[in-house]
Amino acid sequence: SSPITDLESSLLYGYIKYRDGNNDKDIAADVKLNHKLSDFTEMSLKYKYGIEGTVNSDYLRYYVNSFSFNLKHKFVSRLTADFSASYERDLYRKRDLLIASSSIDDKTRDRYTLGLGLSYSLTKWASLGAAYSRSDINSEFADETYSDNKYSCNFKMTF
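Numbering-wise (our numbering), the sequence shown opens with residue 5 and increments by one.
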């Protein structure tokens with residue numbers, strides 16, 4: 005079949021009220037480009053920009069930018085492989101400088117992630133999967149630079 009391309013976008017708003025009286029507000033917008041390269045291979049690119057109110061001691065997460073790439077390939081009728089890569093940057097602004105718009109005390113946190121996965125379709129509505137991802141986080145906050153390895157197995161049902 006011929007290549008098919010579509011464009012998705014979304015606007016998200018979230019609000020969380022914690023027991024201690026603090027609040028988080030998240031406003032985000034994203035745009036995603038999906039491209040079907042062949043009957044067996046699909047690719048997507050996604051960009052997200054958000055203003056998110058997550059608190060880190062004296063700092064407020066002022067915005068987040070993220071870019072992601074995903075590639076899926078179906079090897080046989082039931083076996084699909086998935087590769088993903090993403091980059092995310094959070095900007096934290098000192099709470100008392102939010103109104104002054106000074107960037108002298110801004111801090112950042114960068115996250116780089118690579119992932120691999122396999123899924124096997126048992127039926128049209130059920131599948132088994134396994135995945136691995138590695139994230140490297142570089143932060144200007146003390147003790148917040150680390151690497152994260154995640155392994156997962158899943159059973160998925162679609163209704």
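All C-beta atoms in this analysis are idealised placements derived from N, C-alpha and C, irrespective of residue type, glycine included.
Per DSSP, the continuous beta strand (DSSP E) segment holding L64 begins and ends at Y63 to K78.
Given a length threshold of 3 residues, each whole run of the beta strand (DSSP E) inside the region 82–153 is given here in chain order: 83–98, 111–125 and 130–143.
DSSP links T45 through a beta bridge to H77.
For the options K36, S137 and G54, the alpha carbon positioned closest to that of T117 is the one of S137. Under the 8 Å Cβ criterion, the region 60–76 counts as touching the region 35–51, having at least three qualifying pairs. Per DSSP, the beta bridge partners of T9 are H39. In the assembly as shown, Y155 is an exposed residue. Its beta-carbon has fewer than 16 other beta-carbons within 10 Å. Secondary structure at F159: strand, using DSSP grouped into helix, strand and coil. Our two residues, S139 and S90, have alpha carbons roughly 9 Å apart in a direct line. Counting other Cβ atoms within 10 Å of its Cβ, Y66 reaches 16 or more and is therefore classed as buried.
Distance between L15 and K50, taken at the CA atoms: about 13 Å.
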